[in-house]
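Every position in the sequence shown, counted from 1, becomes a number in the working numbering once 2 is added.
Down below is the structure, laid out as C-alpha cells.
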Amino acid sequence: MIELRAVVPADLDEFFNHQLDPGANHMAAFAAKNPSDRGVFDLHWQQILSDPSITVRTIVADGDVVGSILAYREGNVPEISYWIDRSRWGQGITTAAVGLFLEEFPERPVRARAVADNVSSIRILERYGFKMIGEERSFANARGAVVRELELELA
C-alpha cells in the first residue's frame with residue numbers, strides 16, 4: 003500500500019540515507035554537489051519545510067518511508083520533483099505516488115523535469131499526461147557533466 007503524508011522530522015534521516023546512493027544520484031543528475039554533507043542537506047530541507055508555497059509529502063510504502071514528492075514554484079508554474087529509495091525502484095511506488103500527488107495537487111499546468119536518459123521517470127510522467135515542452139543542456143553535479151534535460155508539462 004502506497005500513501006502520502008506530511009513530512010515529520012524522523013523522515014529526514016531516511017531521505018538523507020536515500021540521497022547517499024551513488025546510483026540514485028547519477029539518475030537524478032541534479033543532486034547535491036556533495037550528497038554526504040548533512041549540513042547542506044538539513045539547510046535545504048529546512049528551507050523546503052518552512053516555505054508555505056511548497057507542497058511536500060513523504061512517500062510511505064507498506065509502512066516504510068521510501069521517498070518524498072513535492073511541488074515548488076519555478077516562476078509562475080509549479081514543478082513537481084520526487085526521490086525514491088533506489089532499493090524500491092521498479093515496484094510501482096513512484097507511479098502510484100505521482101498519481102496520488104497529482105490528485106492532491108490539482109493546480110494546472112504543472113511541470114516536471116528529467117534527464118533524457120531517465121526513461122523510467124519520463125514514462126511515469128507521460129502515463130499521467132505530461133507532454134514534452136522543451137529541453138535544455140545543463141551541468142549536473144552528480145554526473146560532473148552537461149546533460150540533456152527534458153521539461154514536461156501537464157496542462
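Heads up, the beta-carbon is just placed ideally off N, CA and C, and yes, glycines get one too.
All values reported here derive from a predicted model rather than from experimental measurement.
Bridge partners for residue i per DSSP, in chain order?
i	result
tryptophan 85	Ser70
methionine 147	One detail in the question is off: residue 147 reads as alanine in this sequence, not methionine. Alanine 147 is bridged to Ala142.
alanine 63	Ile4, Asp66
Thinking just about the alpha-carbon of each residue, which of the options is nearest to the one in residue i?
i	options	result
aspartate 87	Leu22, Val68, Ile4	Val68
lysine 35	Glu153, Ala157, Ile61, Ala142	Ala142
valine 9	Ile56, Ala26, Val121, Glu105	Ile56
glutamate 137	Ala114, Gly77, Glu109	Ala114
isoleucine 4	Leu102, Phe17, Tyr74, Asp44	Leu102
Mind checking which residues open and close the beta strand (DSSP E) that includes residue i?
i	result
isoleucine 95	Isoleucine 95 -> not in any beta strand (DSSP E); alpha helix (DSSP H) instead, spanning 95-106.
alanine 114	112-117
For residue i, collect the residues of the same chain with a Cβ closer than 8 Å to its Cβ; drop the 5 residues on either side in sequence, then sort them by chain order.
i	result
leucine 22	Pro37, Ser38
alanine 116	Ser123, Ile124, Leu127, Glu151, Leu152, Leu154
Considering residue i, what are the terminal residues of the alpha helix (DSSP H) in which it resides?
i	result
serine 140	Per DSSP, serine 140 belongs to no alpha helix (DSSP H); it is in the beta strand (DSSP E), 133-142.
Counting only the same chain and skipping the five closest in sequence on each side, list residues whose C-beta sits under 6 Å from that of residue i.
i	result
phenylalanine 32	Ala142
valine 149	Ala31, Val117, Ala142
methionine 29	Asn120
Quick one: what does DSSP say residue i is sitting in, helix, strand or coil?
i	result
valine 9	coil
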